[in-house]
Structures are given as structure tokens and as C-alpha cells.
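Okay, so here's the structure we're looking at.
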Amino acid sequence: VNKLAEIRSLASLDLLRAMTTSEDESEEAKAAALKSIAVIGRYQQKVEAAGTVFRGLSAGSVLLVVALGLAITFGLMGVINMAHGEMMAVGAYTAAKITLGLAGLRLAFLPEAVSDQLFFALALSAAMAAAGLAGVLVGLPSLRLRGDYLAIVTLGFGEIIRSVIENMPALGQATGLSG
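Quick note on numbering: this note's numbering labels position 116 of the sequence shown as 116, and the sequence is numbered without any gaps.
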């Protein structure tokens, strides 16, 4: 029981909890199980806190890239683009679909972690390509537009993307993707 606390085995929590309520266990074993549960619980809180910080930094870095894109578009170029969020959605949905599609696959000649990283790099590259292609598709017809007219075209493109995402079964419709 003490060894489970030393290795911080999350998988053993159910067994340890069952030990604390069992009539067959001695009081010493129950006390040791309670102590192990407390040690594992503190470890689990630390892991969850680190995961929360990581997710926050990940989301913050994505939003920072979007903010830099907006700063370049609005600030330096003076162009009013109303479809930044939709471009981000095209890339995000592309990456999510590829990641979900490759979830159970492994490259046999590589360790699992390396295989997952390669799949992530593939999904990231495809997301950038899809968002870039969407940008080209909206940019080509509106190359000569400026000011309010460009804003109207990009706003219309944004509504088209939103409507496609909300109504396409392959993209989870209005509830989004799960997995």
C-alpha cells in the first residue's frame, strides 16, 4: 500500500478506496490506504494544475498569433478584414478532423510518442494549408476592394464558413466535434 503512494499510482485509487471500507482489512491497512489516497490525491491536484496551466498557455499562444495577424492586417496594412475568426476555424477544424482520424493509428517503426508528434505535425501543416487556401479563395475575388467593401466581402465569407460549420454533419453541426 505504501509503495502505491510512493509511485503515485492513479490506477490504484479504486482499490485503495475499497480497502478503506472493507471489513477484511486491518485498521493499520486502512490507515495506510487513507494515507496513500491522500498522497495520490495531492499528486493528482498538482498534475491537474499543471495541465490547466499548459492548456491556458496553449490557448493564449493561439490567440496571440491571431492578435498578431489582426495587428498586421489592421495596423500596418490598414485593411478591414472581418473573417479572422473564420480563418482560424477552418484551420482548427482541419487539424481536429485529421487528429481524430489518426487517433488510433501508430507508426510501427517509431515509438508511440514520436508517432503522435508526427501526426500532430501533419495536422498542423494541413491546418495552415487549409486556412491559407481559404484566405486565397476569399482574397482572389476581392483583390481590388478597399475599405468598407472589403469588410462586407470578408463578413459575408465569415457567415458562409459559420453556416457551413453549423450545418455540416461531418463537422459535428452546431454541437461541434467530440473526441
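Glycine is no exception: its CB is placed at the ideal position from the N, C-alpha and C atoms. Note that the coordinates shown come from a computational prediction; the quantities given were computed from them, not determined experimentally.
- Secondary structure note for S125: its alpha helix (DSSP H) is the uninterrupted segment E112 to G139.
- Burial is judged here by how many other beta carbons sit within 10 angstroms of a residue's own beta carbon; S12 has at least 16 and is buried.
- The criterion of a C-beta distance shorter than 8 Å is not satisfied by V65 and T73.
- Nearest neighbour of T154 by Cα position, chosen from E166, P169 and V136, turns out to be V136.
- Taken atom to atom, the span from the alpha-carbon of V47 to that of G41 is near 10 Å.
- Where S58 is concerned, the enclosing alpha helix (DSSP H) starts and stops at E27 to L70.
- A check of alpha carbon separations from A83 across A174, L150 and R8 identifies L150 as the nearest.
- The Cβ atoms of M87 and A131 lie closer than 8 Å to each other.
- Taken through DSSP and simplified to helix, strand or coil, E6 comes out as helix.
- DSSP, read as helix, strand or coil, puts V79 in coil.
- A Cβ-Cβ contact shorter than 8 Å links L16 with S36.
- Taking C-beta separations shorter than 6 Å and ignoring five residues to either side along the sequence, the partners of A174 in its chain run E166, following chain order.
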